[in-house]
Amino acid sequence: MGTVVARLVRAEWTKLFTTRVWIGLLLGACVLSGAFAALFTAFAGNQDSGLPPLDSPEYARLAFSIATNATVISVVLGIIGITQEYRHRTATPTFLATPQRGRVVIAKLLAYALVAVPYAVLVCAVTVAVVLVYGNARGNAPELTGENLEVLAFAGLALVVYTLIGVGLGALLKNQVGAIVAALVYLYVVEPLLRSIPATSGAYKWLPGGALEAMTATFQGPDLLEQWQGVLLLLGYGLAAALLGTLLAVRRDVV
Amino acid sequence: MRAVDDLSFTVEPGQVTGFLGPNGAGKTTTLRMALGLITPDTGTTTFNGVRYAGLPEPMRQVGAVLETAFHPARSGRDHLRVYCRATGLPVRRADEVLDQVGLGTAGRRRAGGYSLGMRQRLGLATALLGDPAVLVLDEPANGLDPEGIQWLRGFLRHLAHAQGRTVLVSSHLLAEVEQTADRVVIVGAGKLVREGTLAELRSGNAGSVLVRSPHSTALADLLRTTGTTVAPTDAIPDGLTVTGLSTDEVGRRAFAGGIELHELRSHTSGLEEIYFQLTAGQEQYAAAHAEQGAA
Chain W
1 MGTVVARLVR AEWTKLFTTR VWIGLLLGAC VLSGAFAALF TAFAGNQDSG LPPLDSPEYA
61 RLAFSIATNA TVISVVLGII GITQEYRHRT ATPTFLATPQ RGRVVIAKLL AYALVAVPYA
121 VLVCAVTVAV VLVYGNARGN APELTGENLE VLAFAGLALV VYTLIGVGLG ALLKNQVGAI
181 VAALVYLYVV EPLLRSIPAT SGAYKWLPGG ALEAMTATFQ GPDLLEQWQG VLLLLGYGLA
241 AALLGTLLAV RRDVV
Chain Y
1001 MRAVDDLSFT VEPGQVTGFL GPNGAGKTTT LRMALGLITP DTGTTTFNGV RYAGLPEPMR
1061 QVGAVLETAF HPARSGRDHL RVYCRATGLP VRRADEVLDQ VGLGTAGRRR AGGYSLGMRQ
1121 RLGLATALLG DPAVLVLDEP ANGLDPEGIQ WLRGFLRHLA HAQGRTVLVS SHLLAEVEQT
1181 ADRVVIVGAG KLVREGTLAE LRSGNAGSVL VRSPHSTALA DLLRTTGTTV APTDAIPDGL
1241 TVTGLSTDEV GRRAFAGGIE LHELRSHTSG LEEIYFQLTA GQEQYAAAHA EQGAA
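Set out below in structure tokens:
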């Protein structure tokens, strides 16, 4: 089974790199993180912006967690990875080539997890470059050591895990546009609302966003889990999405 | 909705088998169930005794095209390479099958720009990747121009007769498979209507006699004995269609009964007519069911 999954992973990479979707998403993620990094550095220490000053440890944590803004693109990458099979009806030849559908989904999860690593590294590198270069130009860039390095690593890990959540969500909803819209609404409307409403902010720490914030948080926010708990919880969400996606893909008819 | 009900048949190697039925008769559903894409309530399909999902390398044993499915932004060649990788075939197979189906250089262009006929050829190429002994093709002639249909006929015959493969081709048009298929399996409303060679299909329906007489009612009474059917025909006034009797026998009986005849001839149905008779009304039945399903 190992060799079968290995060649299915290669098949997934062939699918991914023979259309141009990946370039667009990669550029989008780099631009998004780079722009946020520039914005935060520009307004660091500005009284009206409420951002901590350039030389503070709070700013350093914030700056090196900026890559987490690109988690939305990770989710979209994962969603497209699986829903394009349904959108363009290639699920039929794919499952004809591999009737053991669980293997197909496992291969997709592996393929996208592995692709997400260099993608996360690149997005983090762009963020760091902007923060360091622009910070130095403004007179004081944070150092990429110790706790700051840890925050950066967790931000990168979050990019990978959100890709897996995207694959699971795609398998769950099948409809590409529907899944992307659902993900955007959840990330930009539902979670921020739950976070800000006092009655539900206690539950927020158990959501993916809460886990992500626990991993990389800087601001005074709502009640959050410990950092390591956040890591485990987010990995748990990725795993749950993957498991659910596999089960559904195996059981549903392909028509 | 019950799309396919208690349908059972066997497809043999070295022959092209036509899988015929009007739209909505359950052909595609049957093929999807056979290939493990849809789970039937009961029943199994096996390829050389093994279910599709149990075949160790299914694409190397069964090549199937159920629809022309590909990512529009991916080239035909890249599409094929994906499945080479998934099945552990060398990627040069992609170029080989492209040549085989006559796509050649077009394989490097985006598949989204292909004509319907080129899409059908790409589908066929996908099925041929693993050099399988069994081919299952759902409506492969859809969208082909006359030249393409001519090519497909020759190609399928070559695959079955010269190379000894098992070829199952579905179609809603008899004319499409009439020159290709050795055997046909006809379904209507999810059930088996008729199965056999084209010759069997022809001979089974050949023995009807057309007879015309001014005393058609009396003649009908005279001819209506066990093993015969007599019915008024729409084709000519005062005409009767008789089955189970030869023209000689009809003439003899009319002479013995003293009934005047104005016309007596044997009538052989064309295949298209037989197919139409066999499946008449099935389409309406399917449509009515679909409406119920939607309501």
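Top line first, the protein sequences correspond to chains W and Y. The opening residue of the first sequence carries number 1 in the numbering used here; numbering runs sequentially from there. The opening residue of the second sequence carries number 1001 in the numbering used here; numbering runs sequentially from there. Each residue gets a CB set at the ideal place from its N, CA and C atoms; glycine is no exception. Just so you know, these numbers come straight off a predicted model, no measurement behind them.
Between the beta-carbon of residue i and the beta-carbon of residue j, is there less than 8 Å?
| i | j | result |
| --- | --- | --- |
| L1035 (chain Y) | L96 (chain W) | yes |
| G245 (chain W) | L172 (chain W) | yes |
| T1126 (chain Y) | P93 (chain W) | yes |
| T1247 (chain Y) | S1266 (chain Y) | yes |
| V1169 (chain Y) | A1181 (chain Y) | yes |
| L203 (chain W) | V131 (chain W) | Here the sequence assigns Ala to residue 203 (chain W), which means Leu is not the residue at that position. Their beta carbons are not under 8 Å apart, which means A203 (chain W) does not touch V131 (chain W) by this criterion. |
| T1087 (chain Y) | L1129 (chain Y) | yes |
| R48 (chain W) | N140 (chain W) | The sequence shown places Asp at residue 48 (chain W), rather than the Arg named in the question. The answer is no: Cβ separation not under 8 Å. |
| T71 (chain W) | A179 (chain W) | no |
| A155 (chain W) | S74 (chain W) | no |
| G1107 (chain Y) | R1077 (chain Y) | yes |
| E191 (chain W) | G170 (chain W) | no |
| F1070 (chain Y) | A1133 (chain Y) | no |
| A1218 (chain Y) | I1259 (chain Y) | yes |
| Y59 (chain W) | A44 (chain W) | yes |
| R1183 (chain Y) | Q1061 (chain Y) | no |
| L122 (chain W) | L26 (chain W) | yes |
| T14 (chain W) | R1085 (chain Y) | yes |
| N211 (chain W) | E226 (chain W) | One point to set straight first is that residue 211 (chain W) is Ala, not Asn, in the sequence displayed. Against a cut-off of 8 Å, the Cβ pair of E226 (chain W) and A211 (chain W) comes out as no contact. |
| A67 (chain W) | C124 (chain W) | yes |
| D253 (chain W) | T1039 (chain Y) | yes |
Please classify residue i as buried or exposed, where buried requires at least 16 neighbouring CB atoms within 10 angstroms.
| i | result |
| --- | --- |
| A111 (chain W) | buried |
| Q176 (chain W) | buried |
| R138 (chain W) | exposed |
| A240 (chain W) | exposed |
| Y134 (chain W) | buried |
| T163 (chain W) | buried |
| E1139 (chain Y) | buried |
| Y1275 (chain Y) | buried |
| G1123 (chain Y) | buried |
| Q1120 (chain Y) | buried |
| E12 (chain W) | buried |
| M1001 (chain Y) | exposed |
| T90 (chain W) | buried |
| V181 (chain W) | exposed |
| N1048 (chain Y) | exposed |
Is residue i helix, strand or coil when you go by DSSP?
| i | result |
| --- | --- |
| P53 (chain W) | coil |
| V5 (chain W) | helix |
| L1240 (chain Y) | strand |
| E1200 (chain Y) | helix |
| R1153 (chain Y) | helix |
| P142 (chain W) | coil |
| A1069 (chain Y) | coil |
| A1064 (chain Y) | strand |
| S196 (chain W) | helix |
| I1259 (chain Y) | coil |
| L1192 (chain Y) | strand |
| S33 (chain W) | helix |
| A1295 (chain Y) | For A1295 (chain Y), the predicted structure reports a pLDDT of 30, less than 50, and the residue's modelled location is therefore unreliable. The matter cannot be settled from this model. |
| P1013 (chain Y) | coil |
| G135 (chain W) | helix |
| S1266 (chain Y) | strand |
| V1004 (chain Y) | coil |
| P208 (chain W) | helix |
| A1288 (chain Y) | Residue confidence for A1288 (chain Y) is low, a pLDDT of 42 falling below 50, so the modelled location carries little weight and cannot support an answer. |
| G1018 (chain Y) | strand |
Contact defined as beta carbons within less than 8 Å: I believe residue i pairs with residue j. What is the distance between those atoms, to the nearest angstrom?
| i | j | result |
| --- | --- | --- |
| V1167 (chain Y) | T1029 (chain Y) | Actually they are not in contact, since the Cβ atoms of V1167 (chain Y) and T1029 (chain Y) sit about 20 Å apart, beyond 8 Å. |
| P1056 (chain Y) | R1165 (chain Y) | Actually they do not touch by this definition, with Cβ atoms about 19 Å apart. |
| G1188 (chain Y) | A1003 (chain Y) | At roughly 12 Å, the Cβ-Cβ gap does not stay under 8 Å, so G1188 (chain Y) and A1003 (chain Y) are not in contact. |
| H1262 (chain Y) | R1212 (chain Y) | 5 Å |
| H1172 (chain Y) | G1021 (chain Y) | 7 Å |
| R101 (chain W) | V250 (chain W) | 5 Å |
Residues of the stretch 1085-1101 of chain Y with Cβ closer than 8 Å to any Cβ of chain W, in chain order | R1085, A1086, T1087 and G1088
| request: Select from the stretch 4-18 of chain W all residues with a C-beta closer than 7 Å to any C-beta belonging to chain Y, and list them in chain order. | output: R7, L8, R10, A11, T14, K15 and T18
Check your understanding: Taking a cut of 8 Å between CB atoms, which residues from the stretch 60-82 of chain W lie near chain Y?
Key -> none
**OP:** Below 8 Å between beta carbons is the criterion; list the residues of the stretch 208-239 of chain W that meet it against any residue of chain Y, in chain order.
**Re:** none
What residues in the stretch 1113-1142 of chain Y have a beta carbon less than 7 Å from any beta carbon of chain W?
T1126
In chain order, what residues of the stretch 1029-1040 of chain Y put their CB closer than 8 Å to some CB of chain W?
R1032, L1035, G1036, L1037, I1038 and T1039
Practice prompt. For the stretch 19-30 of chain W, enumerate the residues whose C-beta is nearer than 9 Å to any C-beta of chain Y, in chain order.
Written response: T19, R20 and V21
Margin query: Beta carbons nearer than 7 Å to chain W: which residues of the stretch 1046-1069 of chain Y have them?
Written below: Y1052, A1053, P1058, M1059, A1064, L1066, E1067 and A1069
Residues of the stretch 92-112 of chain W with Cβ closer than 8 Å to any Cβ of chain Y, in chain order:
T92, P93, T94, F95, L96, A97, T98, P99 and Q100
Legend entry - the stretch 1169-1198 of chain Y: positions lying closer than 7 Å to chain W by Cβ: none
Short of 8 Å Cβ to Cβ, which residues in the stretch 1209-1231 of chain Y face chain W?
none
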